[in-house]
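Here the structure is laid out as structure tokens; the discussion comes afterwards.
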Amino acid sequence: MPFVNRFLLNNNGAITYTGNTLGLSRSDTVAVPGTVDSIGAFVTADTSQTFGLYPPGTTGNYALNNSTAILLLPAGSSILYAELVWGGTYINNGVDLSAFIDNPVSLTTPSGLFSITPDPATRFDVLLSNSPPYPPAYAYVRSADVTGIVQTAGAGNYTAGGIVGTIVVPDPTSNHAMWTLAVAYANASEPLRNLSIRVGAAVIQAASGPVSTVITGFATPFQGALDGRAQLSAQEGDANKTGDMAQFGPTAAALTTLSGPNNFAANFFASQINGDAGLLDTTGTFGTRNQINGTPGTNIVAGRQGYDVTNISVAGTLLNAQTSAVFNLTTSGDGYLVDSIGLQIDITPPLVTIVKSTPAADAVIGDIVTYALTVQNTGVVNAGNVQVFDTIDETSVAFIPNSVTLNGVPVPGATPETGVTVGLLAPGATAVITFRYQVTAVPFGGTIDDQGNVAYTYQPTPDSPVISTSVPSNIVHIPVFSPVIGLVKSGEPTVAFIGNPVTYALIASNTGNISANVTIADPTPAGTTFIPNSVTVNGVAVPGVSPTTGIPIGPLDAGATATITFQVLVVSAPPGNNLVNQSTASFTYMPPDGRMLTGSSPSNIVTIPVVSPMDTPNVTVVKSAGAASGIVGDVIAFTVVSTNNSIAGILNAVLTDSVPAGYAFVAGSAAVNGVPQPAADPLAGIAVGTLAVGASATVTFDLAITAVPTPPVLTNTASLEYDFLGGPFITPSNPVDVTVLQPVIVPVKRANTFGGAVGQIVNYSVTVTNSGNVAAVTTITDPLNPYSTFVAGSVFVNGIPVPAASPLTGIVIGSIAPGESVVVSYDVALTASPPTGVYDNQAAAAFTFQSPSGSTGSGSAPSNVVQIVENDGDVAITKSGSETFGIVGDIVTFTLTVSSVSAFPATDVIVSDNSTPGSVFVPGSVTVGGAPSAGNINTGVSIGTLAPGQAVIVTFQEEIVSLPEPGYNVNDFATAAFILGGTARISQSNIATVTIAQPVITAVKSAAEPYVFVGDEVHYQTVVTNTGSFNAELTWFDLLPPGSVFVENSLTLNGFPVPGENMLTGAFIGTVEANSTAFITFKLKVVSYPPTGQLMNQGNLVFSFTFPNGRSFTLNQKTNPVFVPVLALATLAKSVSASSVAAGNAVAFYLTVSNPNTAPIQNVVLTDALPSGLSFVPGSLSLNGTPLPGTSNLSRLSIGTVPAQGSSVIRFLANADFAPLNPVVVNTASFSYGLLLPSGDIVPRNGASNPVSVTIEEHEE
């Protein structure tokens, strides 16, 4: 997944990475250490724990894992930023820990223990491995900003744990778990550097392609020495595999393969934990158990595995005046996952500085925060094409449109995210950009962290090249405070009677991050009166207060709750015979800035029916169970007590019970007031008879648990039916829940090999998980198949040897608690060839469990069937493909070599192969022994009889028609069915894998502006998504539409400026990884009216990728075209027939409305207020030569529509009535109109004509 920028700053200081693995390398046997490049035990600082044969300080439970590393800092350092990064495998060969990867992890620092919650912004789940016959394995990366914690703790020991990982055996050598602490620190003795930390999940496999990341935001010195270092944290690198490389350079075409003192160029990620000098770090947990590095290296038994951290020089890759770089991760063999990249590059003070500020010290939800970015040219040369950016996490704030100002002047339509154009900034000049955001929510971590960037171009000397670069501002942190007050209300009883009290209970909670003073108010419902002195707060009586005037709770701290109760007396029937009641929590709180703020939160509405005791019975039915839980077969005794509190007796009372499925009534168990009722049945009804006023009756009966419901809770309710004052009534009891206890035992079996031969020892493991709700004592049995025998003394339970146990007689693994798993392993020898060519094996788990009453239950569960293909049976079949990588449309030729290794002929040999979904058999493509065959490989091709030692080659073709799911692989194997010695046999081939590796690029383009005028900027965004299975290197081209120019330095990639790139020559965007998205923004400026009246813009994305087998592809994907109408303002030109006129004569005026647009302008209205000395001649008006005799004045003259790129001319006469004191009179007309958009919308506009002067001369007698 793309790297997320977590920190970027220019400062005197450096970056350090430290961390540790959480696992040691395994063997092919559960709980036995070895040299396999996959972990088989977790690390723990608790040396009293030992997992199997691993050394002390190991465990089989990820929840108990932890490891220590040391953070070293030079004297005088202060922490600028710290990020905790962790990850591992979470789905691997039948183990699925998806439910736990978002849980907090623990971090112990020199100042204490902390629980760290992962930040959603860096939440990555990725396909790590796809290695048939194993199912796909998945890894995750999580991280969190821990700056405040590390600032307090400083240097010293750090321990992280509770980090999800897997240790399943076998696996596609993917098991791992790790953590890294990435720290940027300031130190006055260090050079000025560009410091950055990024977090991501770049899975680097030969089957997925390299990953290139464009790095910007720095500028190396114009001349002189260069220096820089890179810090990397990675998962699943292996010492014993090579081909993994890290590369760095100024461009994608000028990359240098990196290496360091303990990082080989061709085996860069080799499970090596290095310090700041790039040398092996032997401190921390198991610091001396390190894999031996090399090309390839070798693994030690129980070595620190699956984690790399290093710090290496990149000085040799840098150039003077360099402002961007490309970080490339690639492999030709070993796969790995990079989760963090740090960079420190020595820089000179930038020409342009940018400082971010805000008057807000803190904020609350709803506040409007004003930010200012002060940009200054501190150099001696011009800074050109200055663009100022600011990207903020908009999950907690919203930009206020049209709030941008530049040097105090509003910039309509501008947004800090897409850049504010400053233009030229002369030496010493300063520009101030302001904008506003509204706080909409409390952000993750509680603070709004915001930073600006300035991109610009300059030429240091007349002879030097032009440099485009960007500079980050300081980071502004604004804590956001908000109490979140919740109020949950309930009332008792559920049915109220006039004259009786009702008790209300309220639970007030504060789930926010600041304390609040809370007062509960409650207007008592109609028909009730408050009972004085009935208020309690947290169980303590509070006399003298009333809910109607407010119950003061006092301070309710963040995370705290308070319980409030009060009573009311029902005095009359309320409207609708229901008490409808709702409380309100009013609160005040004071953020650190000293403001006293208020808020309120309503409770839920509680409705209680009210009945009158004069005509309604007051009967209670209370039900209870003799046990809260039980198992199938247990008998639960129920008691139902019915009490008559009415003003008269009740007659003909009958108790019924809705016995739900999962229960069965125990015949003869019913009793009334202790007297057995052998024939009674609660389903049919148990006669209770008459209950006098104040009398009670107790009914008991038994129900047997017969089944486990889903969910495992049985709920039932009793009801009493009776007559009262001549009318029938029913009163229900309270519901009663009984939890049905049942272990859910699931055994999952695995073998450490998929193929075997007679004489081979196979290690089987069975992971037994209890997902039920009661512990179970479990025994594993495995009868084995007739072609295998148990190896005595090979049994392990959770890594502990049990030498006397045997799966044939049963391996007792003890009690498995709910949610717990136990791993059992044992060895089996393959002793004979199975007739089918496959060793089938299945285990079973028998278990017993006990209810609280002491009764016991039992059950059993079979495991999955594990199949091991015999490698060297009587007929061997091997399969290979002409390609190991392909794209949709490729045709792959598969070759099957079918050989007889028996001393006897194999007859009736039929070879078949089932195509993986995503591929289809090509008809007519089969050959047998080089000769064409008309057969279909899917249904079987006959090759007759195989003599001893004979081999026949079968070929066929498959076409790749789609991307196979979920692993993008065609995984085919063939089978050969034959007769040998009169017995039908089957042999199975190896799996031949063809990886279908193809990026699928889509690009969606949009413009922020629905229309623009000449001189405006257009803000474009392109969203590029790769939904395919292979990474793609992307270069972006964009043809400029006529009438526009590219706004230099306006290009951003994923929110960060990429200065100097020009879309006309192509901007290298880097890698768009499979199943990821990239965001590109840029601006165009409209400089002239385009011939078509609109800008038509369409991007062209050129993407390339290369398979490990050398096949290269270059494809392109165009975006959708985006049309933005360009509107030109209509003009009004005024002229006059004469420059002077004698008083008493008339002069003609002409008004020409010109429309340069490609669409008509509508609703054109003219107004011409003639100056003193001139008057309109009625009836003289004409439009385009047509007289309009009815016009009597020049106010709001409607002339309708002016056609596209056309004009309308209005002519009228004006009398010179007299010569004013100033005989030169000036006349200006105005007009309004509507511009028609392609959408049909009308944009209103208005304008004025040029002024026209006329001299009025007095008539001389």
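Reading the sequence shown from the start, the letters are residues 0 to 1260 in numbering that gives the first Met the number 0. Just so you know, even glycine gets a beta-carbon here, dropped at the ideal spot from N, CA and C. A quick note: this is a predicted structure, and the numbers were derived from the prediction, not measured.
When the alpha-carbon of Ala750 is set against those of Pro171, Ala136, Gly161, Asn64, the nearest one is in Pro171. By the neighbour-count criterion, in which a residue is buried when 16 or more other Cβ atoms sit within 10 angstroms of its Cβ, Gln222 is exposed. Restricting attention to Gly1184, Asn473, Leu690, Ser986, the CA atom closest to the CA of Val908 is found in Ser986. Per DSSP, the continuous alpha helix (DSSP H) segment holding Gly147 begins and ends at 146-152. Under the three-state reduction of DSSP output, Leu317 falls in the coil class, being neither helix nor strand.
Look at Thr1118 here: in three-state DSSP terms it is coil, with no helix or strand label. Looking only at Pro482, Phe1175, Asp614, the smallest Cα-Cα distance to Tyr1149 is reached by Phe1175. Going by DSSP, Leu807 is part of no beta strand (DSSP E) at all; its letter is neither H nor E. If you draw a 10 Å sphere on the C-beta of Glu964, you find fewer than 16 other C-beta atoms in it, and that means exposed. Straight across, the Cα-Cα distance linking Tyr967 with Asn1025 is about 14 Å. For the 9 Å CB-CB criterion, Gln304 and His476 do not form a contact. When the beta-carbon positions are compared, Pro708 and Gly661 come within less than 9 Å of each other. The shortest C-alpha to C-alpha distance from Val31 to any of Gly22, Asp889, Gly51 is the one to Gly51. The straight-line gap separating the alpha-carbon atoms of Ala950 and Ser881 is approximately 20 Å. Excluding residues up to 5 positions away in sequence, Ala30, Phe50, Gly51, Gly59 lie with their Cβ nearer than 6 Å to the Cβ of Gly798 in the same chain. Within 10 angstroms of the beta-carbon of Asp237 lie 16 or more other beta-carbons, which makes it buried.
Note that the stretch 6-18 does not touch the stretch 118-135; fewer than 3 beta-carbon pairs, one per stretch, sit closer than 8 Å. Per DSSP, Glu1256 is one residue of the beta strand (DSSP E) stretching across 1251-1256.
Beta-bridge partners assigned by DSSP to Gln48: none are found.
Here the alpha carbons of Asn762 and Asp839 stand approximately 14 Å from one another.
In the three-state reduction of the DSSP assignment, Tyr335 falls in the strand class. Between the stretch 982-999 and the stretch 926-938 there are fewer than three C-beta pairs closer than 8 Å, too few to call the two in contact. The Cβ atoms of Val501 and Ala507 lie no closer than 9 Å to each other. In the DSSP secondary-structure assignment, His175 is not bridged to any residue. Around the Cβ of Ala683, a 10 Å sphere holds fewer than 16 other Cβ atoms; the residue is exposed. Listed in chain order, the beta strand (DSSP E) runs fully inside the stretch 736-783 are 744-750, 760-769, 775-780, counting runs of at least 3 residues.
About 21 Å separates the beta carbons of Val1071 and Leu1038, which is beyond the 8 Å limit, so they are not a contact pair. Asp449: member of the beta strand (DSSP E) spanning 446-457, first to last residue.
DSSP places Glu235 outside any beta strand (DSSP E), giving it a letter other than H or E.
It is roughly 28 Å from the alpha-carbon of Pro492 to the alpha-carbon of Leu702. Here the alpha carbons of Val864 and Val919 stand approximately 29 Å from one another. The beta carbons of Asn1030 and Ala1002 sit no closer together than 9 Å.
Gln204 is bridged by DSSP to Gly208. When only Cα atoms are considered, Asn1096 and Pro1040 end up about 6 Å apart. Contact between the stretch 76-95 and the stretch 174-189 is established, with three or more Cβ pairs separated by less than 8 Å. Asn452 sits away from Gly111, with the two beta carbons spaced by 9 Å or more.
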